[in-house]
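The structure appears below as structure tokens.
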Ligand code: ZN
Ligand code: ZN
């Protein structure tokens, strides 16, 4: 509500009446027209000149503008000065100040509590139901729980324990101060109270307050990671707001419950509440990681149709989504149309190109970014180095690595060293890669050793491989990675005695391989498969499709690469083990369920194995399908019997 307009209608767009000391209200409409603090300062000066500043209502309105307009325009310090000069600030002005400070950052929010205490000590004005929510917000933000509890007591004394907004702010305070038990007690006490009123809650303010209260509690459970409790409350809500949905979606999405995030988002579609900007931003990361292109496209279209602004933040999320769903052209399309681009946008695009092995495009994009005078973040360099690594651009990679520190002034993190080790190692500069690890300023982690181990495997350097695997086993004795890589190296040389040795050691230490899992998106629904997975409702059909595939491949001359199968199973078992890799099951399911000619998009949690890679090339030819696999490292686009990575991955 705009107080000025209610009390003193401005009278359309006619110019403001000339200031006249005889009419105290005459300057009022000018406050409503202020857009910036500079405008306000002028009006304020006129108020002082005409003496109208002594009018309590006028001063309160000026105060409201400086303390609570949007964060770009307000000036709390200025407001505080005016406030201190007010002879008899009324309750409205006290509330304005407390609210202004409570909405500010942590340092300033403390002042809200101090002001509240002053107000309590005041003879003429006391706090009301609008004062408490603000001061409680300040307690929550600053973690001042001791003061918060006292204020809780005061709220009871003032008879405000039935006020939904006071209640929800109390519950929020306990949630934010990690006192979930107190929050819960208060929440359930309130629910029992509400139930007693039953259907009598027809008052809109009370109804809205109830929704806020529930949202706060759900958010509390989400923060704790107790999604079961959060979901239970969510399902029980009589009424939900868009915030209720957003809390659940972003909670799931940020905590790795990707399928749940997408499912609840789809559930939202069947209700009355429409997704907003925050909803889209919350669900997009889950969609990207799952690779659900169809849903991602839906979101893009929805934003366009509903006038949701695709700004640099939402735009970056869309670029990331299209890149991770395998459609780099669309990512470029979004990128080019953005009115503003920041470092996050540029790095989303550069990383997108890197993921797709388009090193030249990534490098061009980086130069464009430099020309646009945007300071690169260190994430940008991860994209660049990854791009160089996928393309084998050793010289360029070395240059970017030194550019990072010398030109951009960014200290390389371990991830950057990891990219360099990968780049050098894969291009055969194994010695240089090892030296880089040994001389870097931080302690090497398992990821970086694994990158070097992978390179040893590619170049068949068993001597270094054993050394690196040794370091890895010492660092993470229960991680299967080193054992599997070393065994594969021995196996490819036919050293079965050493392979068997590894098996014994793994068994003794009870080490198991990471379970592989792949998922495929069919008509917006995600189907996930594990190794040898037979749990899918259509598993019978999948099995016969797998058989059909293997026969067809055989007929075009394919022989499985069985050295990829860990340990010395006999030959037949080895073949079987290959046919039941999760990505194969996903492909078979895709072939029986996707529309004729539609491309298949699969996401795998681990790297695709050599045998699946060469089979997929043939499958793309035999079945005339474009197959995209996003594995842990990058994208593979299989088409007409070859892969976009040109077998360098
Ligand atoms: Zn495989
Ligand atoms: Zn490939």
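Numbering (the numbering used here), first residue to last: 5 to 653. Glycine residues also receive a C-beta, built at the ideal position from the N, C-alpha and C atoms. Being a predicted model, the structure only gives us computed values, none of them experimental.
- Residue 473 is bridged by DSSP to nothing; it lacks a bridge partner.
- Cβ neighbours of residue 339 within its own chain (closer than 6 Å, five residues either side excluded): 323 and 353.
- Residue 647 sits in a strand when the DSSP states are folded into three classes.
- Relative to ligand 1, even the nearest heavy atom lies 7 Å or more away from the CB of residue 647.
- Judged by beta-carbon spacing, residue 257 lies beyond the 8 Å limit of residue 296, meaning their Cβ atoms are not closer than that value.
- In the three-state reduction of the DSSP assignment, residue 517 falls in the coil class.
- Uninterrupted alpha helix (DSSP H) stretches at least 4 residues long and entirely within the stretch 147 to 225 occur at 149 to 161, 168 to 180 and 184 to 201, given in chain order.
- Contact between residue 284 and residue 312 is confirmed by a C-beta separation of about 7 Å, below the 8 Å threshold.
- Annotation: the continuous alpha helix (DSSP H) that includes residue 402 extends over 398 to 410.
- If the five residues before and after residue 384 are omitted, its C-beta is found closer than 6 Å to the C-beta atoms of 351 and 354, all from its own chain and listed in chain order.
- In the DSSP secondary-structure assignment, residue 381 is not bridged to any residue.
- Using a 10 angstroms sphere on the CB of residue 146, the tally of other CB atoms reaches 16 or more, which defines it as buried.
- The residue from 165, 278 and 495 with its alpha-carbon nearest to that of residue 309 is 278.
- Contact between the stretch 617 to 628 and the stretch 363 to 372 is absent, with fewer than three C-beta pairs closer than 8 Å.
- Approximately 5 Å separates the beta-carbon atoms of residue 136 and residue 170; this is inside 8 Å, confirming the contact.
- Distances taken from the Cβ of residue 360 to the heavy atoms of ligand 2 include none shorter than 7 Å.
- Any heavy atom of ligand 1 within less than 5 Å of a residue's beta carbon puts that residue on the list, which reads 585, 613 and 616.
- Apart from sequence neighbours up to five positions away, the residues of its chain that approach residue 419 with a beta-carbon distance below 6 Å are 386, ordered along the chain.
- Within the DSSP secondary-structure output, residue 261 pairs in no beta bridge.
- Rounded to whole angstroms, the separation of the alpha carbons of residue 89 and residue 48 is 13 Å.
- Looking at the DSSP output, residue 639 sits in a beta bridge with 634.
- Distance from the Cα of residue 652 is smallest, within the candidate group 612, 306 and 112, for 612.
- The C-beta distance from residue 327 to residue 356 rounds to 3 Å, short enough to fall under 8 Å.
- In this structure, residue 515 sits near residue 484, with a CB-CB distance shorter than 8 Å.
- Burial state of residue 461 is buried, judged by a 10 Å Cβ sphere holding 16 or more other Cβ atoms.
- For residue 529, the three-state secondary structure derived from DSSP is strand.
- The residues 166, in chain order, have a CB closer than 8 Å to that of residue 197 in the same chain once the five nearest residues on each side in sequence are set aside.
- At a threshold of 7 Å, residue 640 counts as near ligand 2, since its beta carbon sits closer than that to one of the ligand's heavy atoms.
- Collapsing the DSSP output to three states places residue 605 in a strand.
- Per DSSP, the beta bridge partners of residue 534 are 521.
- If you look at residue 493, you'll find it in the alpha helix (DSSP H) that goes 484 to 496.
- By the Cβ-count criterion, residue 143 is buried, with 16 or more other Cβ atoms from all chains shown falling within 10 Å of its own Cβ.
- The residue among 291, 336, 314 and 346 with its C-alpha nearest the C-alpha of residue 325 is 291.
- Residue 43 and residue 34 have their C-alpha atoms spaced approximately 9 Å apart.
- Per DSSP, residue 314 lies in no alpha helix (DSSP H) segment and is marked neither H nor E.
- For residue 289, the uninterrupted alpha helix (DSSP H) run begins and ends at 281 to 294, by DSSP.
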